[in-house]
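First comes the structure, then the notes that go with it.
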Amino acid sequence: MGKAICFGSAALLICTTAHAAPWTQKKGNWYTQAAVLAQNIDAEEALRVETYAEYGLTSEWTVIGQLEGITFPDIAGFDQFAYRLTGRRRFWQSGPLMLGIEGGLVGGEAIGGLFGGCDSPGGEARLSFGGAGVRGEESRSWFFFADAAVREHGNCRRQRLEVGYGYEAIRNWFTINKVFFDRGGGLAQSAKVESTIVRRFGATDLAVGIRQEFGGDFEEFGILISIEHRFQR
């Protein structure tokens, strides 16, 4: 799901895009998100909970922390957990276009899957490209990004590509559409699309959307609800 930036004329929209992209927080600023995803995976009910935070450690570096878990109420012993702690730096910018790098610690089956030692600690590296701005007489915000990640923990090796686009449809109402591709050993092949509608209330955003599998090892559909908040110095 994901995504925070808060800068320039496109700040209204970009702050709703955590978990990915090259943008960083200003020093001392926080971005937080909590999300609940009610899923149906191969006819089994599941509930996924995600918490995410970004903090502007310096003017150059943003620290990211993420915890998530998934539970299957009708299947004993299938509950999963995951964590991620990384640092992000924007290293190139030309007009509205940017490149960023990110890396750090990652682990857990909720990210990597049940097989291959994914519960052990490991590493993640990301390369992100994106752009943001405003358009039209009403100065509606827009953004796009492409985010590629490689993760390895234990014998659990995964590659992930996420591409997204969003814009302000009407004042304080945003739409965000993303596509995720996951590859790796074991049961890790996945392709998902996610579409959300976001309503802004000052420094807080409420979002609702759907996530649908369209080309992976499992059939999956989910309804997503999230709340996001920005703390600015």
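Per our numbering, the very first residue in the sequence shown carries number 14; after that it's consecutive.
Beta carbons: idealized from backbone N, C-alpha and C, even for Gly.
Beta strand (DSSP E) segment containing T45, residue limits: Counted from its first residue, the sequence shown places residue 45 at position 32. Counting along the chain, the beta strand (DSSP E) containing T45 begins and ends at 43-54.
So, at 6 Å on beta carbons, what are the nonlocal neighbours of A59 in its own chain, with the 5 sequence-adjacent residues on each side left out? Working through the sequence shown from its first residue, we reach residue 59 at position 46. Cβ within range, chain order: Q52, I83, F85.
On the DSSP bridge assignment, give the partners of D218 in chain order. What you label residue 218 is simply residue 205 of the sequence shown in a count that begins at 1. Per DSSP, R213, E241.
Three-state class that DSSP yields for E232 in the structure shown: As a working note, residue 232 is residue 219 in the sequence shown. Coil.
Are at least three pairs of beta-carbons, each pair with one atom in the region 35-42 and one in the region 215-235, less than 8 Å apart? Taking a contact to require three or more Cβ pairs closer than 8 Å, the region 35-42 and the region 215-235 do not qualify as touching.
R246, buried or exposed, once every other Cβ within 10 Å from all chains shown has been counted against 16: On the sequence shown, position 233 is the one that residue 246 refers to. It is exposed - the Cβ of R246 has fewer than 16 other Cβ atoms within 10 Å.
Nearest residue (CA-CA) to K191, options A182, L174, Q202, I183: Taking the sequence shown and counting its residues from 1, the one referred to as residue 191 is at position 178. For K191, the nearest C-alpha among the options comes from L174.
Inspect the beta-carbon positions of A162 and R196 and report whether they are closer than 7 Å. By one-based count along the sequence shown, residue 162 stands at place 149. By one-based count along the sequence shown, residue 196 stands at place 183. No.
Whole-angstrom Cβ separation of I54 and F231, contact assumed at under 8 Å? Your numbering for residue 54 matches position 41 in the sequence shown. Your numbering for residue 231 matches position 218 in the sequence shown. Indeed they touch by this definition, with Cβ atoms about 5 Å apart.
What does the alpha-carbon distance come out to for the pair V176 and D160? The residue you call residue 176 lines up with position 163 of the sequence shown. The residue you call residue 160 lines up with position 147 of the sequence shown. Using only the alpha carbons, I get a separation of about 6 Å.
Would W186 pass as a contact of R212 if the rule is Cβ separation under 7 Å? Residue numbering aside, residue 186 sits at position 173 when the sequence shown is read from its first letter. Residue numbering aside, residue 212 sits at position 199 when the sequence shown is read from its first letter. Yes.
Label G235 either buried or exposed according to how many other C-beta atoms from any shown protein chain fall within 10 Å of its C-beta, with 16 as the threshold for buried. In the sequence shown, counting from the first residue as 1, residue 235 sits at position 222. G235 comes out buried.
Please go through the same chain and pick out, in chain order, the residues whose beta-carbon is closer than 8 Å to the beta-carbon of G117, but skip the five residues on each side of it. For the purposes of this step, residue 117 is taken as the residue at position 104 of the sequence shown. If we look at G117 and ignore the five residues flanking it on each side, its Cβ neighbours are I77, R97, L98, T99, G100, G136, E137.
Buried or exposed: where does D87 fall if 16 or more other Cβ atoms within 10 Å of its Cβ makes it buried? Here residue 87 is taken as the residue at index 74 of the sequence shown, counted from 1. Exposed, since its Cβ has fewer than 16 Cβ neighbours within 10 Å.
If you draw a straight line from the C-alpha of T188 to the C-alpha of F91, how long is it? Within the sequence shown, the letter at position 175 stands for residue 188. Within the sequence shown, the letter at position 78 stands for residue 91. If you draw a straight line from the Cα of T188 to the Cα of F91, it is about 33 Å long.
Neighbour-count burial assignment, W105, 16 or more Cβ in a 10 Å radius: Locating residue 105 in the sequence shown gives position 92, counting from the first residue. That one is exposed.
Pull up the distance between the alpha-carbon of W74 and that of V119, whole angstroms please. Mapped onto the sequence shown, residue 74 falls at position 61. Mapped onto the sequence shown, residue 119 falls at position 106. C-alpha separation (whole angstroms): 18 Å.
Assigned exposure category for R170 - 16 Cβ within 10 Å defines buried: The residue given as residue 170 occupies position 157 in the sequence shown. By the neighbour-count rule (16 or more Cβ atoms within 10 Å), R170 is buried.
Tell me which residue opens and which closes the beta strand (DSSP E) that A138 is part of. In the sequence shown, counting from the first residue as 1, residue 138 sits at position 125. Here the beta strand (DSSP E) through A138 covers 135-148.
Taking all protein chains shown into account, do 16 or more other C-beta atoms lie within 10 angstroms of the C-beta of A48, making it buried, or fewer, making it exposed? Counted from its first residue, the sequence shown places residue 48 at position 35. Classification of A48: buried, given that the 10 Å Cβ count is 16 or more.
For the beta strand (DSSP E) that L110 lies in, which residues bound it at each end? Reading the sequence shown from its first residue, position 97 is the one you call residue 110. From DSSP, the beta strand (DSSP E) with L110 extends over 110-121.
If you run the structure through DSSP and keep just helix, strand and coil, what is S152? For the purposes of this step, residue 152 is identified with residue 139 of the sequence shown, where counting begins at 1. Three-state DSSP puts S152 in coil, outside helix and strand.
What residue range does the beta strand (DSSP E) around N185 cover? The sequence position of residue 185 within the sequence shown is 172, counting from 1. Careful: N185 lies outside any beta strand (DSSP E) and carries neither H nor E.
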